[in-house]
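What the sequence shown shows, in this note's numbering, is residues 36 to 519, in sequence order.
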Amino acid sequence: MSKLEADVVVVAGGAAGLAAAVAAAQQGAKVIVFEKGATTGGTGNMGMGPLGIESRHTRLKQFRPSKDEAFEVFMNYTHWRVDAKLVRAYLNKSGDTIHWLEDLGVEFVEPASYFPTAYPTWHLVKPGTGGRPGPMSSATMMKVLTDRAKEMGVRILLQTPARKVLKTGDRVTGVVAEDRAGETIEAHAKAVIIATGGFGDNPEMIKKFTGYEYGKDIFSFRIPGLEGDGIRMAWEAGAARTDMNMEIIYGMPDVMAIGPELHEACRQPHLLVNLLGERFMNEAVLPNTTFTGNAISIQKERCAFLIFDEEIKKKMEAGFDFLSVVFPFMRIADFDKAIHDAQDKGYAHLFVADSIEELAGKTGIDPHGLRKTVEEYNKSCEGGYDDLFNKEHRYLRPIKSPKFYAARHLPSAYGSVGGIKINHRTEVLGKDWKKIPGLYAAGVDACSIYGDSYVFVLPGNTMGFSLNTGRMAGENAAEYIKDV
Ligand SMILES: Cc1cc2nc3c(=O)[nH]c(=O)nc-3n(C[C@H](O)[C@H](O)[C@H](O)COP(=O)(O)OP(=O)(O)OC[C@H]3O[C@@H](n4cnc5c(N)ncnc54)[C@H](O)[C@@H]3O)c2cc1C
36 MSKLEADVVV
46 VAGGAAGLAA
56 AVAAAQQGAK
66 VIVFEKGATT
76 GGTGNMGMGP
86 LGIESRHTRL
96 KQFRPSKDEA
106 FEVFMNYTHW
116 RVDAKLVRAY
126 LNKSGDTIHW
136 LEDLGVEFVE
146 PASYFPTAYP
156 TWHLVKPGTG
166 GRPGPMSSAT
176 MMKVLTDRAK
186 EMGVRILLQT
196 PARKVLKTGD
206 RVTGVVAEDR
216 AGETIEAHAK
226 AVIIATGGFG
236 DNPEMIKKFT
246 GYEYGKDIFS
256 FRIPGLEGDG
266 IRMAWEAGAA
276 RTDMNMEIIY
286 GMPDVMAIGP
296 ELHEACRQPH
306 LLVNLLGERF
316 MNEAVLPNTT
326 FTGNAISIQK
336 ERCAFLIFDE
346 EIKKKMEAGF
356 DFLSVVFPFM
366 RIADFDKAIH
376 DAQDKGYAHL
386 FVADSIEELA
396 GKTGIDPHGL
406 RKTVEEYNKS
416 CEGGYDDLFN
426 KEHRYLRPIK
436 SPKFYAARHL
446 PSAYGSVGGI
456 KINHRTEVLG
466 KDWKKIPGLY
476 AAGVDACSIY
486 GDSYVFVLPG
496 NTMGFSLNTG
506 RMAGENAAEY
516 IKDV
């Protein structure tokens, strides 16, 4: 067994952990980061950027919301069933954190929104490789944070998972970790910050704490190593539990097999039905992936089918109704080729048929229900008014011309949220709601501010929460150790 000494130990080197390490080092603390993976960044490498409210970018564009408006939106959305002081602290800091990241060397382009009814709070990271922001642009930000941490003397130990929080009395005094050779390391520190990114790679925890079954009724991102380690360690150290959820979105299973262009085509606002063949939502809401994921989650077998016909297919080859900020496609160039390529790979979630009955047979949708819904929907299209859900007129296109197509959608998720109870200073609270001295948590391990649904109307929210709570934890831990 080897022994290490630090002021602050950070368990792990993802978005929250790196922000925590840099912030603590900036306050003069000696910091060690234990990271389970072979690289830093965690899920922070996957996305496009964090939320920022009243950053210099949003101010220049006079983009809303202000801090006060964002707080009101957030609290109305969550019905005040979340920690208002934590929400306020996070939102108020978020604009300054954009400037802090810029001072460290991160570059952002103009803020974006994720879908038309969301606010433009999403600060997209300019990729280090050049070009426009896209999937994994935020890896550039993780690299900048890693480089700055190392320059400030932060010691980052890769492939060295932390296993246990050490305590003397009620006070936290370090962690036990395991190096890549399997040897035990005991690291003593005055403060420990936990930020291990949730349990998105742990199907047992997903089932136990959220009710979804990975691979059956949820096809969420599984970032390797996110197994709930930090949550378990904090609970063992006496931390109170919070509600735990998946950060729900929706999509077609195994989307990598069909590629993003076809996937975007299959998320346009056509006819969406469940296994009974019935509509259950206004399809104009589809770009709000959280709302759609929620609506699909309460259908039979938690699945839904987007139905369209040959005429609609041609329309999508001319142009999409909804454009994505993540992917640059304005239309699908050759739908038939895309679908043949998918079928050649044995892709099982896209269906083509010559009649509505045949489509029902192939998908397992109730044939009478589907026939009835198509007839009613076509009448709404002819009449120009959707009296069921008031879907906008411009999206009402009848399903009449063979061939007929169906794309199966299921709930998905970016990962998990929640587990460790913290206060608005990111201090971990015990079951008696008293602070556990020296223990802090940040990022999705401690993200219980969304209530039942991800607050996607303010995009960039999870990376925003992770970076901001990480930064807060680093600053507060550095302050705390001065008096210990
Ligand atoms: C495809 C995709 C795109 C996304 N895009 C965006 C976006 O644009 N904007 C946004 O706001 N959010 C986005 N998100 C979500 C966001 O990236 C995450 O919520 C955020 O990175 C979580 O930060 P974190 O620090 O809590 O966890 P992570 O960044 O995942 O870091 C957790 C780290 O903990 C390490 N770890 C685990 N166990 C241990 C252990 N025992 N010891 C040591 N280390 C351990 C892991 O290896 C990992 O490095 C996206 C997510 C996905 C999947």
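Glycine included, each C-beta is placed from N, C-alpha and C at the ideal position.
Nonlocal neighbours in the same chain, by C-beta distance under 6 Å from residue i, ignoring five residues either side
{"i": "Val409", "result": "Ile391, Ile434"}
{"i": "Lys65", "result": "Ala41, Asp42"}
{"i": "Ile471", "result": "Gly273, Val463, Gly465"}
{"i": "Leu297", "result": "Ala373"}
{"i": "Leu261", "result": "Gly232, Gly233, Gly235, Asp236"}
Residue i CB to nearest heavy atom of ligand 1 below 8 Å
{"i": "Gly509", "result": "no"}
{"i": "Asp523", "result": "It is not possible to answer for residue 523, since the shown part of the chain is limited to 36 through 519."}
{"i": "Lys71", "result": "yes"}
{"i": "Ile516", "result": "no"}
{"i": "Ala105", "result": "no"}
{"i": "Arg506", "result": "no"}
{"i": "Ala477", "result": "yes"}
{"i": "Ile293", "result": "no"}
{"i": "Gly217", "result": "no"}
{"i": "Arg198", "result": "yes"}
{"i": "Thr497", "result": "yes"}
{"i": "Ala41", "result": "no"}
{"i": "Asp389", "result": "no"}
{"i": "Thr325", "result": "no"}
{"i": "Trp542", "result": "This structure does not reach residue 542, given that the chain is present from 36 up to 519, and the question cannot be answered."}
{"i": "Phe256", "result": "yes"}
{"i": "Leu261", "result": "yes"}
{"i": "Tyr449", "result": "yes"}
Coil, strand or helix - residue i by DSSP
{"i": "Trp468", "result": "coil"}
{"i": "Ala373", "result": "helix"}
{"i": "His444", "result": "strand"}
{"i": "Asn557", "result": "Coverage of the chain is limited to positions 36 through 519, which leaves residue 557 absent and any answer about it impossible."}
{"i": "Arg183", "result": "helix"}
{"i": "Ala222", "result": "strand"}
{"i": "Trp270", "result": "helix"}
{"i": "Gly404", "result": "helix"}
{"i": "Arg302", "result": "coil"}
{"i": "Thr74", "result": "coil"}
{"i": "Ile67", "result": "strand"}
{"i": "Lys106", "result": "Correcting the residue type first, residue 106 is Phe in the shown sequence and not Lys. Helix, per DSSP."}
{"i": "Thr195", "result": "coil"}
{"i": "Glu89", "result": "coil"}
{"i": "Lys96", "result": "helix"}
{"i": "Val189", "result": "coil"}
{"i": "Tyr125", "result": "helix"}
{"i": "Ser415", "result": "helix"}
{"i": "Leu474", "result": "strand"}
{"i": "Trp157", "result": "strand"}
{"i": "Asp422", "result": "coil"}
Contact belief for residue i with residue j at Cβ below 8 Å, rounded distance in angstroms
{"i": "Ile284", "j": "Ala448", "result": "6 Å"}
{"i": "Val207", "j": "Ala226", "result": "7 Å"}
{"i": "Lys273", "j": "Gly84", "result": "The amino acid at residue 273 is misidentified as Lys; the sequence shows Gly. No, Gly273 and Gly84 are not in contact; Cβ-Cβ is about 35 Å, not under 8 Å."}
{"i": "Gly486", "j": "Arg116", "result": "5 Å"}
{"i": "Ser172", "j": "Val160", "result": "4 Å"}
{"i": "Gly232", "j": "Ser255", "result": "Gly232 to Ser255, Cβ: 13 Å. No contact."}
{"i": "Phe439", "j": "Ile293", "result": "Contact doesn't hold; Cβ gap of about 18 Å is too wide."}
{"i": "Ala153", "j": "Pro437", "result": "Not a contact, Cβ separation roughly 37 Å."}
Residue burial classification, residue i (beta-carbon count within 10 angstroms, cutoff 16)
{"i": "Asn3", "result": "Past the edges of the chain, shown from 36 to 519, lies residue 3, and the structure says nothing about it."}
{"i": "Trp157", "result": "buried"}
{"i": "Pro151", "result": "exposed"}
{"i": "Phe362", "result": "exposed"}
{"i": "Gly49", "result": "buried"}
{"i": "Met281", "result": "buried"}
{"i": "Leu192", "result": "buried"}
{"i": "Asn80", "result": "buried"}
{"i": "Tyr420", "result": "exposed"}
{"i": "Asn496", "result": "buried"}
{"i": "Asn111", "result": "exposed"}
{"i": "Arg91", "result": "exposed"}
{"i": "Val200", "result": "buried"}
{"i": "Arg94", "result": "exposed"}
Neighbourhood of residue i by C-beta, 7 Å cutoff - its chain only, sequence neighbours within 5 removed
{"i": "Ala212", "result": "Phe69, Thr195, Pro196, Ala197, Arg198, Ile220, Ala222"}
{"i": "Asn309", "result": "Phe315, Gln334, Lys335, Ala339"}
{"i": "Val179", "result": "Leu139, Gly140, Val141"}
{"i": "Thr504", "result": "Ala51, Tyr125, Thr461, Ala477, Gly478, Ala481"}
{"i": "Lys380", "result": "Ala292"}
{"i": "His20", "result": "Since the displayed the chain opens at 36 and closes at 519, residue 20 lies outside it and no answer follows."}
Any non-hydrogen atom of ligand 3 within 8 Å of residue i CB
{"i": "Glu221", "result": "The model on display carries ligand 1 but not ligand 3."}
Contact with chain B by residue i, beta-carbon distance below 9 Å
{"i": "Val361", "result": "Note that chain B does not occur in the displayed structure, where there is just one protein chain."}
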